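Colleague:
In my numbering, the protein residues as written are 5 to 288.
1. Using a Cβ-Cβ cutoff of less than 8 Å, which residues in the same chain neighbour residue 227 once the five nearest sequence positions on both sides are dropped?
2. May I ask which residues mark the beginning and end of the beta strand (DSSP E) holding residue 209?
3. Starting from residue 271 and walking both ways along the alpha helix (DSSP H), at which residues does that stretch end?
4. Take residue 257 and list the residues in its own chain whose beta-carbon comes closer than 7 Å to its own, dropping the five residues that flank it on each side.
5. Quick test of the definition: if touching needs 3 or more C-beta pairs under 8 Å, does the region 203 to 210 touch the region 241 to 250?
6. Under 7 Å between the Cβ atoms of residue 233 and residue 47?
7. Short of 7 Å in beta carbon distance, which residues of its chain neighbour residue 140, apart from the five on each side in sequence? Order them along the chain.
8. Leaving aside the five residues before and after residue 242 along the sequence, list all residues of the same chain whose C-beta is less than 8 Å from its C-beta, in chain order.
9. For residue 84, which beta-bridge partners are listed by DSSP?
10. Grouping DSSP H, G and I as helix and E and B as strand, with all else coil, what is residue 16?
11. Exposed or buried, which one is residue 218 when buried takes at least 16 other CB atoms within 10 Å?
12. Under the rule that 16 or more other beta-carbon atoms within 10 Å means buried, what is residue 45, buried or exposed?
13. What are the complete beta strand (DSSP E) segments, minimum 3 residues, inside the region 178 to 245?
14. In this structure, what does DSSP give as the bridge partners for residue 139?
15. With DSSP as the reference, label residue 22 as helix, strand or coil.
16. Do residue 83 and residue 70 have their C-beta atoms closer together than 7 Å?
17. Under the rule that 16 or more other beta-carbon atoms within 10 Å means buried, what is residue 153, buried or exposed?
18. Pull up the distance between the alpha-carbon of residue 260 and that of residue 101, whole angstroms please.
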């Protein structure tokens, strides 16, 4: 099965009150773990690729790995640029074989964010590629993005609705209290913002910073209108913890397969658990 745009499954997610997971692909083992868990659960999913990960893996390897996963699994899989910083980066990914892109103009004024996002949407839609936009500022650290809590701003519902109406994005990431990375304190999600925006727009809301959010908060977010949830840090932690455990037991290990195999198994468990929590099992 070829890679697909997020429109192959996100409208169904919103209508069915479940969410599709975006699991970031950082290398081959991440891709294998995500795919294997999704095959077990018969779930659609999204490979998220940040600009940093794309630079690390290279365009050709990234697309080839995603295409191999789609062919092997027979599942609807989107290859999605995460937090694209410019029109040029988005177009590079589309030309390279991505089936979905995010343009993150949240650090611009509302008017400039709308203007730039509209340009990406127009070009992407002409090529059958879905687009995610973002409004408000999500705190935390992801690759080169570092926003402290003081400068994390919640999205205003009326601005989010206007943003959708003027851009025509296929899903909308809005700042509702989550953060990238793992949480140091209590997670306070503003479900009222999700509900107000979701009830006024036909596309699903995206929850960034899904790692470490309590299960009940995830369920309430989905009921409020979230249809896409991003997870990266929990997989990174599971991968690294498994590697550290192997090396701590035997400092003489030098074959990467000896520690990457348990790392991959640990990530399968994370992804399987998330898919079941999001309600996307048997939705492929």
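For each residue, glycine too, the CB sits at the ideal point set by N, CA and C.
Note that the coordinates shown come from a computational prediction; the quantities given were computed from them, not determined experimentally.
Modeller: Answer, in terms of the structure:
1. Position 223 of the chain shown, counted from the first residue, corresponds to residue 227. Here the set comprises 21.
2. By one-based count along the chain shown, residue 209 stands at place 205. Its beta strand (DSSP E) spans residues 209 to 211.
3. As a position in the chain shown, residue 271 is number 267, starting the count at 1. Note, residue 271: alpha helix (DSSP H), 260 to 282.
4. Translated into positions along the chain shown, residue 257 becomes position 253. The residues are 250, 251 and 263.
5. no
6. Taking the first residue of the chain shown as position 1, residue 233 is located at position 229. Taking the first residue of the chain shown as position 1, residue 47 is located at position 43. The answer is no: Cβ separation not under 7 Å.
7. Taking the chain shown and counting its residues from 1, one reaches residue 140 at position 136. If we look at residue 140 and ignore the five residues flanking it on each side, its Cβ neighbours are 110, 157, 158, 159, 178 and 179.
8. Here residue 242 is taken as the residue at index 238 of the chain shown, counted from 1. So the qualifying residues of the chain are 267, 270, 271, 273 and 274.
9. Numbered from 1 along the chain shown, position 80 holds the residue referred to as residue 84. In the DSSP output, where bridge partners are listed per residue, residue 84 has 52 and 104.
10. Here residue 16 refers to the residue found at position 12 when the chain shown is read from its first residue. DSSP places residue 16 in helix when its eight states are reduced to three.
11. Along the chain shown, one-based indexing puts residue 218 at 214. It counts as exposed.
12. What you label residue 45 is simply residue 41 of the chain shown in a count that begins at 1. Buried.
13. 209 to 211 and 230 to 235
14. As a first step, residue 139 must be located in the chain shown, where it is residue number 135. Paired residues: 178.
15. Numbered from its first residue, the chain shown carries residue 22 at position 18. Of the three classes helix, strand and coil, the one that applies to residue 22 here is coil, per DSSP.
16. Counting from one through the chain shown, the residue named residue 83 turns up at place 79. Counting from one through the chain shown, the residue named residue 70 turns up at place 66. A contact, by the Cβ cut-off of 7 Å.
17. Position 149 of the chain shown holds residue 153. The pLDDT assigned to residue 153 is 48, lower than 50, so where the model puts this residue is not dependable; a value taken from the coordinates is nonetheless given after this. Classification for residue 153: exposed.
18. Taking the chain shown and counting its residues from 1, the one referred to as residue 260 is at position 256. Taking the chain shown and counting its residues from 1, the one referred to as residue 101 is at position 97. Distance between the alpha carbons of residue 260 and residue 101 is about 30 Å.
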